[in-house]
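Inspection log for the structure reproduced underneath, given as structure tokens.
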Amino acid sequence: MILEKRRILCIVDHHDPVLSKDHLLFLLQRHVNHEDQVEIKLVERDIHYSPPLLSSTKLLPAVSDVIIESFKDINSKKNWIFKLEKYQIPDHIRKSTYNYPFITALFWRKMNPVVMPKNQLYDIAVSLSCGLPSYYLRDKVKAKHKIYYFPIRQFSKDYRSISENIREQDIIYVGSQTMYSELMTDTNYKVSYYNDPYYNEAIKLAGKLEHKVISPQHQLNILSANGMKNKYQLEGFIHLCKKLKTQQSDFKWYLYGVGSYEQQTRKYLDRLDLKDNIIFIGEKANIYSYLMSADIYVEWNKHSSIYYEAEVLEKSHYKND
Numbered sequence: 001m002i003l004e005k006r007r008i009l010c011i012v013d014h015h016d017p018v019l020s021k022d023h024l025l026f027l028l029q030r031h032v033n034h035e036d037q038v039e040i041k042l043v044e045r046d047i048h049y050s051p052p053l054l055s056s057t058k059l060l061p062a063v064s065d066v067i068i069e070s071f072k073d074i075n076s077k078k079n080w081i082f083k084l085e086k087y088q089i090p091d092h093i094r095k096s097t098y099n100y101p102f103i104t105a106l107f108w109r110k111m112n113p114v115v116m117p118k119n120q121l122y123d124i125a126v127s128l129s130c131g132l133p134s135y136y137l138r139d140k141v142k143a144k145h146k147i148y149y150f151p152i153r154q155f156s157k158d159y160r161s162i163s164e165n166i167r168e169q170d171i172i173y174v175g176s177q178t179m180y181s182e183l184m185t186d187t188n189y190k191v192s193y194y195n196d197p198y199y200n201e202a203i204k205l206a207g208k209l210e211h212k213v214i215s216p217q218h219q220l221n222i223l224s225a226n227g228m229k230n231k232y233q234l235e236g237f238i239h240l241c242k243k244l245k246t247q248q249s250d251f252k253w254y255l256y257g258v259g260s261y262e263q264q265t266r267k268y269l270d271r272l273d274l275k276d277n278i279i280f281i282g283e284k285a286n287i288y289s290y291l292m293s294a295d296i297y298v299e300w301n302k303h304s305s306i307y308y309e310a311e312v313l314e315k316s317h318y319k320n321d
């Protein structure tokens, strides 16, 4: 049986700070075979990059190669000549994809008007990273099926700009079981979990994008979402804190996100002289530096959970259902 040749576009940021070379190759190999016509489009031009897959793989001009001038070929009136210039993408924009996604979104909004669209129709188009590759796929590519990869767990406010523009025939791939569970609960489009052997590596690389924030001298560091969903969980949290305090444990409990019981929690902590032990770190896209330094992870509910990530990093973890 002869397989029909598919035309596939892969959008690759080989400078993505959480994806190693081997990780990118693993993701690429999930979607191509020798019968496919594969085209690779880098986010940024690199003369040292060579397509890692097949001899027939074609390397296209980069996303950052923008047209600054166009004129007709004097030797052939039917042809046009385009002068390209490299649009500079600072390193901090790539880091912002995982630390401050809204900054990357603003950068793309500025970059978008000068980026050339892909007018060809592809059978499949794949973005292998968050941020600029996924924005390019969303706004500039025509394809029968679009595939968006989220190589590490992100929270709903950070992936909403992509998920809200998903078509019925498109699909999101996630390597995080907690993100998969959240998407399957909160959305009605196609989501698929894949077993990623590089997930541990990606989490650790993400954690290194921010300075280590948990002080090592404390005997016990606990991390959880600021997500108590009822008074029973709030009372359980306060009880645990009081017990740790009476045992004279030197502990810090870090709460990420914004919870509906935060105001009540703060009042309890003030009254019980526990406010120095509980650290509210607010909404952060990248909390992996906290997780890497934590001794225990506690999950109150599945929303904004990183329970799977705690398992991958072999942290002690506890579900309070």
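If you count the sequence shown from 1, position 182 lands on 182 in full-length UniProt numbering, and the numbers rise without skipping.
The beta carbon of each residue, even a glycine, is placed where N, CA and C say it ideally should be.
Exercise. Is E201 helix, strand or coil by DSSP?
Worked result: helix
Exercise. Residues bridged to I8 by DSSP?
Worked result: V38 and I124
Problem set entry | Any beta strand (DSSP E) of 3 or more consecutive residues that is wholly inside the stretch 248-320 | For the stretch 248-320, whole beta strand (DSSP E) runs of length 3 or above, ordered along the chain, are 251-256, 278-282, 296-299 and 316-319.
Problem set entry | Proximity to Y148 [Cα-Cα], best of L205, K142 and P133 | Each of L205, K142 and P133 was checked against the Cα of Y148, and the nearest Cα belongs to P133.
Exercise. Can you tell me the Cα-Cα spacing of Y199 and N79, whole angstroms?
Worked result: If you draw a straight line from the Cα of Y199 to the Cα of N79, it comes to about 47 Å.
Exercise. At which residues does the beta strand (DSSP E) containing H145 begin and terminate?
Worked result: V141 to F150
For this session: Output the distance between the C-alpha atoms of W108 and S224, rounded to the nearest integer angstrom.
Result: Approximately 32 Å, taken between the alpha carbons.
For this session: Please determine, among L244, D250, K319 and E210, the residue with the shortest C-alpha to C-alpha distance to I287.
Result: E210
Exercise. Is there a Cβ from chain D that is less than 8 Å from the Cβ of Y232?
Worked result: You won't find chain D in this structure, because it holds only one protein chain.
For this session: Give a yes or no on contact between the stretch 10-18 and the stretch 170-190, applying the rule of three or more CB pairs nearer than 8 Å.
Result: no
Problem set entry | Inter-residue CB distance, S64 and V43 (contact presumed, cutoff 8 Å) | Indeed they touch by this definition, with Cβ atoms about 6 Å apart.
Problem set entry | Exposure of V114, with buried meaning 16 or more beta-carbon neighbours within 10 Å | So V114 counts as exposed.
For this session: Ignoring anything shorter than 4 residues or poking outside the stretch 148-193, list the alpha helix (DSSP H) runs there in chain order.
Result: 156-163 and 177-186
Exercise. How big is the Cα-Cα spacing for N165 and K140?
Worked result: 13 Å
Problem set entry | Reference Q177, options Q169, P151, Q263 and S96, closest by Cα | P151
For this session: Count the other CB atoms, across all protein chains shown, that sit within 10 Å of the CB of Q154; report buried if there are 16 or more and exposed otherwise.
Result: buried
Problem set entry | Cβ shell of H317 (< 8 Å), same chain only, five flanking positions each side left out | I296, Y297, V298, E299, Y307, A310 and E311
Problem set entry | CA-to-CA distance, Q37 to K5, given in whole angstroms | 7 Å
Problem set entry | Those residues which DSSP pairs with S224 across a bridge | L255 and V298
Exercise. I162: buried (16+ other C-beta within 10 angstroms of its C-beta) or exposed?
Worked result: buried
Problem set entry | Burial state of L291, where buried means 16 or more other Cβ atoms lie within 10 Å | For L291, the number of other beta carbons within 10 angstroms of its own is at least 16, and it is reported as buried.
Exercise. Exposed or buried, what is N277 when buried is set at 16 or more other beta-carbons lying within 10 Å of its beta-carbon?
Worked result: Sixteen is the threshold: when 16 or more other Cβ atoms of the shown chains lie within 10 Å of the Cβ of N277, as they do, the residue is buried.
For this session: Note down, in chain order, each residue of its chain lying with its Cβ closer than 7 Å to the Cβ of E201, except the 5 sequence neighbours on either side.
Result: S20 and H23
For this session: Taking all protein chains shown into account, decide if P196 is buried (16 or more other Cβ within 10 angstroms of its Cβ) or exposed.
Result: The residue you asked about is not Pro; residue 196 is Asp in the sequence shown. That one is buried.
Exercise. Nearest CA to the CA of M179: which residue from Y159, E168 and K144?
Worked result: For the set Y159, E168 and K144, the Cα lying nearest the Cα of M179 is the one of Y159.
Problem set entry | Other residues of its chain near I222: CB distance less than 8 Å, five sequence neighbours each side excluded | F251, K252, W253, Y254, A294, D295, I296, Y297 and V298
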